[in-house]
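Below you'll find the structure, written out as structure tokens, and then a few comments.
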Amino acid sequence: MVGTATSLAGGREADREFMRLALFHAARGAGRTSPNPMVGCVIVSPAGVVVGTGYHERAGEAHAEVRALAAAGRRARGATLYCTLEPCSHCGRTGPCAPAVAEAGVARVVAATEDPNPLVAGRGIAYLREHGIEVETGVGAEAARLLNAAFFVAMREHRPHVTMKVATSLDGRVSAAPGTRTGLSGAASARYVQRLRAGLDAIAVGSGTLLTDDPLLTVREVYCERPFTRVVLDRRLRTPASARVFGTRAFGPVLVATTGSACLRRPAAVSALRNAGAEIVATETGSWHEVLAALAAREIRSVLLEGGPALQRAAWAAGVVDRVIVIVTPHVLGVGGVPWDVPADLAGLITGVEPCGTDVVLVGDVHRAD
854 MVGTATSLAG
864 GREADREFMR
874 LALFHAARGA
884 GRTSPNPMVG
894 CVIVSPAGVV
904 VGTGYHERAG
914 EAHAEVRALA
924 AAGRRARGAT
934 LYCTLEPCSH
944 CGRTGPCAPA
954 VAEAGVARVV
964 AATEDPNPLV
974 AGRGIAYLRE
984 HGIEVETGVG
994 AEAARLLNAA
1004 FFVAMREHRP
1014 HVTMKVATSL
1024 DGRVSAAPGT
1034 RTGLSGAASA
1044 RYVQRLRAGL
1054 DAIAVGSGTL
1064 LTDDPLLTVR
1074 EVYCERPFTR
1084 VVLDRRLRTP
1094 ASARVFGTRA
1104 FGPVLVATTG
1114 SACLRRPAAV
1124 SALRNAGAEI
1134 VATETGSWHE
1144 VLAALAAREI
1154 RSVLLEGGPA
1164 LQRAAWAAGV
1174 VDRVIVIVTP
1184 HVLGVGGVPW
1194 DVPADLAGLI
1204 TGVEPCGTDV
1214 VLVGDVHRAD
């Protein structure tokens, strides 16, 4: 006889503890699962023993539930399955998970949150209940949604999740003077940024930053498994074909986002950029909403917006910034430096503060995935 929910999981605190373990496993897929979400799964016997764990390791490969069920084998019968996202009920690149869970004889499923994908959206939970499985949702929901903020934004807003990153001096400046390249970040925070890049799908900069810094926009010093897309937002087609970023296409595609009218006005620039290896993305007005829609069509789920200040102001004004990362350095640039226009309500959005070598990293979530 199958026990009660309490005896199966050992109580509410046990539910939270096992879900934390599932979330730990889910995070192991960071930087490898896009455009899919990161998902972790833990299977616990009626005696409270973990008999199987799994996580979604790569897009196109087995889902977390399937891996955990394979690890548990016959011990899954009568067990409780903890999953950071509702088990899917449709066939994508892999088979559906909900039928596999039911066939394994799992007695109870604790899912942190429903899947925002309209192809699932509660259908997996409904399938499990129809097959006599007790289902509970909401345990660890906030952490699960935060972990997969990019996936939730993509499903609900039909655009990539945007993280705006800036490094400032102690007095709130981003460079010593207009058009001057100024290194501010210390070694530890520079590595932090490389890890951040490695976990996202794309990076975006404005043409002004490209002209001033001529950056490579690659992931360095840390491993990046998937191609990393570089996006230059350039409504005036000022990007030179000689820019260093075009020599790094082995790391991933380089897109120049502009307008159809700019392409008509400057066909020679378009030709030169294409010859350099750029992919031209022409929208009607070059607005943030149009550009992000074009990136979403390429299954880009997350974008790191690095600069410059004017581009970041435009993104903030357009309401498309989901997360803000501010690296505050000990430098003082003085009144001649270029100020970063701090959003008036940024202080109220800060969810994390941590030292990073000689710098301090502030993280704020603007749009919570709920």
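Here our numbering is used: the first residue of the sequence shown is 854, the next is one more, and so on. Cβ atoms here follow ideal geometry from the backbone N, Cα and C, with glycine treated the same way.
| message | Considering just the uninterrupted stretch of the beta strand (DSSP E) at glutamate 987, what are its terminal residues? | response | 987 to 990
| said: Going by DSSP in three states, methionine 872 sits in which element: helix, strand or coil? | reply: helix
| Beta-ladder partner(s) of aspartate 1067, from DSSP | Aspartate 1067 pairs with nothing; no bridge assigned.
| query | On the three-pair Cβ rule with 8 Å, is the segment 1198 to 1212 touching the segment 1034 to 1050? | reply | yes
| query | So what does DSSP say about cysteine 1077, is it helix, strand or coil? | reply | coil
| query | Under a three-way DSSP split, which group does glutamate 939 fall into? | reply | coil
| message | Among Ser942, Gly893, Gly913, whose alpha-carbon lies nearest the alpha-carbon of leucine 922? | response | Gly893
| field | Contact set for aspartate 1024: own chain, Cβ-Cβ below 8 Å, skip 5 residues either direction | value | Val1185, Leu1186, Gly1187, Gly1190
| field | Length of the line joining the Cα atoms of isoleucine 986 and proline 890 | value | 24 Å
| task | Taking only the alpha-carbon atoms, compute the straight-line gap between arginine 942 and glycine 977 and give it to the nearest angstrom. | result | Correcting the residue type first, residue 942 is serine in the shown sequence and not arginine. Straight-line Cα distance between these residues: approximately 5 Å.
| Is the beta carbon of proline 1162 sitting closer than 8 Å to the one on valine 1027? | yes
| query | Excluding five sequence neighbours on each side, which residues of the same chain lie with their C-beta closer than 7 Å to the C-beta of arginine 992? | reply | Contrary to the premise, residue 992 reads as valine rather than arginine in this sequence. Hits under 7 Å: Asp868, Arg869, Met872, Val963, Ala965.
| task | Identify whether valine 1098 lies in helix, strand or coil by the three-state DSSP scheme. | result | helix
| message | Less than 6 Å between C-beta atoms, sequence neighbours within five positions excluded: which residues of the same chain meet that for threonine 857? | response | For threonine 857, the pLDDT reaches just 34, beneath the cut-off of 50, and the residue's location in the model is therefore unreliable, leaving the point undetermined.
| query | Distance, Cα to Cα, leucine 1117 vs valine 1072? | reply | 34 Å
| said: Between the alpha carbons of leucine 1053 and leucine 1157, how many angstroms are there, rounded? | reply: 7 Å
| CA-CA distance, arginine 1088 and alanine 1110? | 7 Å
| request: Check whether the Cβ atoms of glutamate 1132 and leucine 1108 lie closer than 8 Å to each other. | output: yes
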